[in-house]
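In what follows, a single structure is set out as structure tokens and then discussed.
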Amino acid sequence: MAHDAGANKSSKGWLWLLLLPWIAMIWVPSYNKVEPQLFDFPFFYWYQLLWVLISAVITALVYVKTKTRPTANGSQGDAK
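The opening position of the sequence shown corresponds to residue 1304 in the working numbering, with each subsequent residue numbered one higher.
Okay, here's the thing in structure tokens:
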């Protein structure tokens, strides 16, 4: 049981990655501009769309790293 608690605590550190997309989107002055354009789309739009894709990758990574794994007796880690 003590080993499961330590593993669960270390996997919670991956949750901090979920702050990256939030910070990138909440700080509007960093991307509130027209240049550089990509395929005639202003930076304001393609930057946000790029973060949609990056957020999906980060969310999948965090999910994989934090999901509970079955123990030897077949139960899920901390599930009660």
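Don't be surprised by glycine CBs; every beta carbon is placed ideally from N, CA and C.
Which residue spans inside the region 1321-1369 form an unbroken alpha helix (DSSP H) run of at least 4? 1322-1329 and 1346-1369
Q) Would a C-beta distance cut-off of 9 Å place Val-1337 and Phe-1347 closer than the cut-off? A) yes
**Residue nearest to Val-1331 in terms of C-alpha spacing, selected from Gln-1351, Asp-1343 and Gly-1316** = Gln-1351
Quick check: the Cα distance between Val-1360 and Lys-1315, rounded to an integer number of angstroms? In a straight line, the C-alpha of Val-1360 is about 17 Å away from that of Lys-1315.
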